[in-house]
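One structure below.
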Amino acid sequence: MSQQKQNAVLELRNVTKTYRVKQGLFGKARPLTAVNDVSLSLPRGEVLGLVGESGCGKSTLAKILLGLEMPSSGQVLVDGQEIGAQDRLSLARRIQPIFQDPYSSLNPRKSIFDIVSLPLRVHGVGQQADWDREVRKILDIVGLPARVMNTYPSQMSGGQRQRVAIARALIMKPEIVICDEPTSALDVSVQSQILNLLGDLRREFGLTYLFISHDLAVVEHLATRVAVMYLGRIVEEADVAGLFDAARHPYTQALLKSVLTPEPGLGVPDTQLGMAYPNPIDPPSGCHFHPRCPMMTEHCRKVAPRSLPTPQGRVECHLFDPESPMTKAEVA
Amino acid sequence: MDKPLLSVRNLTIDIPVGGGTLHAVRGIDFDLNRGETLCIVGESGSGKSLTSLALMGLLGKNIRRSADRMDFDGTDLITAGPRKMRALRGGRISMIFQEPMTSLNPAYTIGDQLTEALLLHRKVGREAARARAVELLEKVGITAAESRLSQYPHQLSGGLRQRVMIAMALMCEPELIIADEPTTALDVTIQAQILRLLYDLGREMNMAMILITHDLGVVARVADKVAVMYAGELVETGSAQEVFGAPAHPYTRGLLRCIPLPGKTERGSELGTIPGIVPSLIGDVEGCAFRTRCPHALPECRAEIPRRGAGEHLFRCVHPDGAVSAEDVPA
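Residue numbers (the working numbering), protein chains in the order written: chain A, 17 to 348; chain D, 1086 to 1416.
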């Protein structure tokens, strides 16, 4: 296990991304910290599920990993090398994305062959004849017939388009695939096909996934590790069993509670999360989660919690800090 | 329980397309009593949204709608003219649409949009209408409701906008709410809150609700009655307990196998799938539309499909038991 830890194919060290956001036409620009001091390591062959509500910074993190955004501070290492020091082409060979919406992520004016073979052409791999062979091969792998090569995205269903997006991502044989909500635009019967495909491809090619999703049932099914993000911070990280069977952070517990399983008679759960997600420009003081936390105490309002190791990972919450002045009596 | 609030028989929707006629909805029947929630569940293209638009009389001009009966509390919706429909819409029947981002008018304030229906349908003054708007915004859990009235939609987050949409639908205390994927665009945490809200308000005001969704989890948790729609037909209907506890139609069981169940499905295992694709509904559709994807299809599936089942739990299949006995994996 520790061997694997050293073999982290992807590592984030204290990554922070701050945007300057203007409020209103004449408002002063204020900093918005989309990703706040995030450290993660992704061992080869694992699937890290990243969950959190919209606006928590999941997609910003994905953009940083793809080299589409530079972190304001901190380091991103791919195979131990800093991302900024690598040229974009070689980075693109290693990391590829699959996006949420296959209706907008494929160029409608290009044929499927053009779309899938583009990475080969950009990287100058082989000749026309090789491209043809490679595209056929990868289409077969993702379960599309070779005849779709000459069709256009508009002629395909959502599930087929997502298969095209996966084919495009895999044709350069990347090591890491960043899946940003890859199935949330799809019907359930198609979603299960795509999830099975992603699982098969991972086993077959030893791929490493960062799997971003707000569907916790899907994350539980596919991921090996899970990180929970709230207002730009990783508030809990654990292996999949540790997170789903023994969630620690109150936010993780609320997220798990809000999963609606198809079991009639259970009613709609009360997440006790209260009001909406806070404005990231004005994050709450102390622990960012305190205004929505059912376990909140005075201490949480003032002091930000530190990252604490747990048997399965780590958590950021005063409840688990032996040195926190918060006593169990106060919580109860 | 006397007469149902809404009774629909043999609702059919045909859309003329280039190559013929698209039979988008093919003869569906259902009844809805006051205070009940009916969930129509199905995948994209199954005709669930068209069904709701047909009830509201909001189909495009080129779309043909026919039915043997479409009765809302004594009003015949088939023959009702535009005037009569306008009086019902927003008043006694209201609708919540899927996209809170696009279904609010960006050029008007929240207050204007909330009070519009009330001023139109009820004899109330501006002041009273605004007071009602504030009351409902508070009810749907929006803080600082008074100040929200002068805000514009772009100043609100997605979750807040969806709450505004719900408040708007409730302004005239409708007897029936039709909600088309009301929580699909929202986070799971907000989704749970919005559904709870709709559920509680429905009970409180004794509203009937038709909830259209593709999310089986949502259906199981809020439905009294479930209607599973496939290719324009209701393939299975019944109470939530019946449909989820003992799914009879092969399609219903297939859908349930597609979703990972926390605590039940083994992590990382192969999920169930429904092979094939939804058939084209252009031209005549014979027999069972699901037969091309069904593991239990027989030659008889091309013929007229009998309706089976008992009481409220009905399904359409040539197999007397929906071929449950032929599957050893429980759904």
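Backbone N, C-alpha and C define an ideal beta-carbon position, used for all residues, glycine too.
- Message: So, at 7 Å on beta carbons, what are the nonlocal neighbours of Gln207/A in its own chain, with the 5 sequence-adjacent residues on each side left out?
- Response: Thr199
- Message: My output table needs one value for Thr76/A: the three-state DSSP class, helix, strand or coil.
- Response: helix
- Item | Selected residue, minimal CA-CA separation from Leu363/A, among Ala101/A, Leu81/A, Cys333/A, Thr49/A | Since the first and last residues shown for chain A are 17 and 348, residue 363/A lies out of range.
- Message: On the CB-based measure, 16 or more other CB atoms within 10 Å of its CB, does Tyr1193/D come out buried or exposed?
- Response: exposed
- Under a Cβ-count criterion, where at least 16 other Cβ atoms within 10 Å of its own Cβ denotes burial, should Ala145/A be classed as buried or exposed? exposed
- Query: DSSP state of Ser340/A, grouped into three classes?
  - Reply: coil
- Task: Under the assumption that Gly302/A contacts Cys316/A (Cβ atoms under 8 Å), give the Cβ distance between them as a whole number of angstroms.
- Result: 5 Å
- Message: Contact criterion: CB-CB distance below 9 Å. Does Gln20/A meet it with respect to chain D?
- Response: Reliability of the predicted coordinates at Gln20/A is poor, the pLDDT of 44 falling under 50, and the value obtained from them is presented with this limitation in mind. Judged by the 9 Å Cβ criterion, Gln20/A is not in contact with chain D.
- Task: Please name the residue or residues paired with Leu1398/D in a DSSP beta bridge.
- Result: The amino acid at residue 1398/D is misidentified as Leu; the sequence shows His. Ala1395/D, per the DSSP bridge assignment.
- Message: Would you say Cys1343/D lies against chain A (beta-carbon separation less than 9 Å)?
- Response: yes
- Query: Roughly how many whole angstroms lie between the Cα atoms of Ser89/A and Pro321/A?
  - Reply: 21 Å
- Task: For Arg1233/D, name the three-state secondary structure that DSSP assigns.
- Result: helix
- Message: Taking the beta carbon of Gln143/A as the centre, do at least 16 other beta carbons fall within 10 Å, making it buried, or is it exposed?
- Response: exposed
- Message: Shorter than 8 Å, the distance from the beta carbon of Thr1322/D to the closest heavy atom of the ligand GTP, or not?
- Response: In the structure on display, the ligand GTP does not appear, and there are no ligands present to speak of.
- Any residues in the stretch 1346-1367 of chain D with a beta carbon nearer than 7 Å to a beta carbon of chain A? Which ones, in chain order? Leu1346, Pro1347, Thr1350, Arg1352, Gly1353, Glu1355, Leu1356, Gly1357, Thr1358, Ile1359, Ile1362
- Message: Beta-carbon within less than 6 Å of Cys1379/D's beta-carbon, same chain only, minus the 5 sequence neighbours each way: which residues are those?
- Response: Pro1335
- Classify Met86/A as helix, strand or coil using the three-state DSSP reduction. coil
- Item | Beta-carbon proximity list for Ile1163/D, same chain, < 7 Å, skipping 5 on both sides | Ala1152, Met1155
- Message: I want to see whether chain A comes within less than 9 Å of Arg1306/D, judged by CB atoms only; does it?
- Response: yes
- Message: Does Val1093/D pass the burial test, meaning 16 or more other C-beta atoms within 10 Å, or should it be called exposed?
- Response: buried
- Does the separation of the CB atoms of Met172/A and Val151/A fall below 9 Å? no
- Message: Can you pull the chain A neighbours of Arg1281/D, defined as C-beta to C-beta under 7 Å?
- Response: Val284, Asp286
- Determine the direct distance from the alpha carbon of Arg1177/D to that of Glu1258/D, and round the result to whole angstroms. 7 Å
- Task: Kindly say whether Phe260/A, judged by its beta-carbon, lies nearer than 9 Å to any beta-carbon of chain D.
- Result: yes
- Item | Interface residues of the stretch 1267-1294 of chain D facing chain A [CB-CB below 8 Å] | Asp1272, Val1273, Thr1274, Ile1275, Gln1276, Ala1277, Gln1278, Leu1280, Arg1281, Tyr1284
- Can you tell me whether Gln19/A is buried or exposed, with buried defined as 16 or more other CB within 10 angstroms of its CB? At Gln19/A the pLDDT is 43, less than 50, meaning the model places this residue with poor confidence; the figure from the coordinates comes in the next sentence. Per the 10 Å Cβ criterion, exposed.
- chain A contact residues for Glu1128/D, given Cβ-Cβ distances below 9 Å: Asp203, Val204, Ser205, Val206
- Item | Top-ranked residue by Cα proximity to Leu1319/D, from Ser1365/D, Ile1367/D, Ile1390/D, Leu1241/D | Ile1390/D
- For Pro1335/D, three-class secondary structure by DSSP: helix
- Collapsed DSSP secondary structure at Tyr267/A in the structure displayed: helix
- Message: Here's a check: name, in chain order, each residue in its chain whose Cβ is nearer than 6 Å to the Cβ of Arg1107/D, leaving out the five neighbours to either side.
- Response: Reading off the sequence shown, one finds Leu at residue 1107/D, where the question assumed Arg. For Leu1107/D, where only same-chain residues beyond five positions count, the Cβ hits under 6 Å are Ile1100, Leu1366, Ile1367.
- Item | Cβ-based contacts, 9 Å cut-off: residues of the stretch 83-115 of chain A near chain D | none
- Query: When the cut-off is 9 Å and only beta carbons count, does Asp1300/D lie next to chain A?
  - Reply: yes
- Just curious, the beta strand (DSSP E) that Cys195/A is in, first and last residue? 192-196
- Message: Please identify, using Cβ separations under 8 Å, the residues of the stretch 1225-1236 of chain D that lie next to chain A, in order along the chain.
- Response: Gly1226, Thr1228
- Message: Measuring straight from C-alpha to C-alpha, what distance separates Leu134/A and Ile187/A?
- Response: 9 Å
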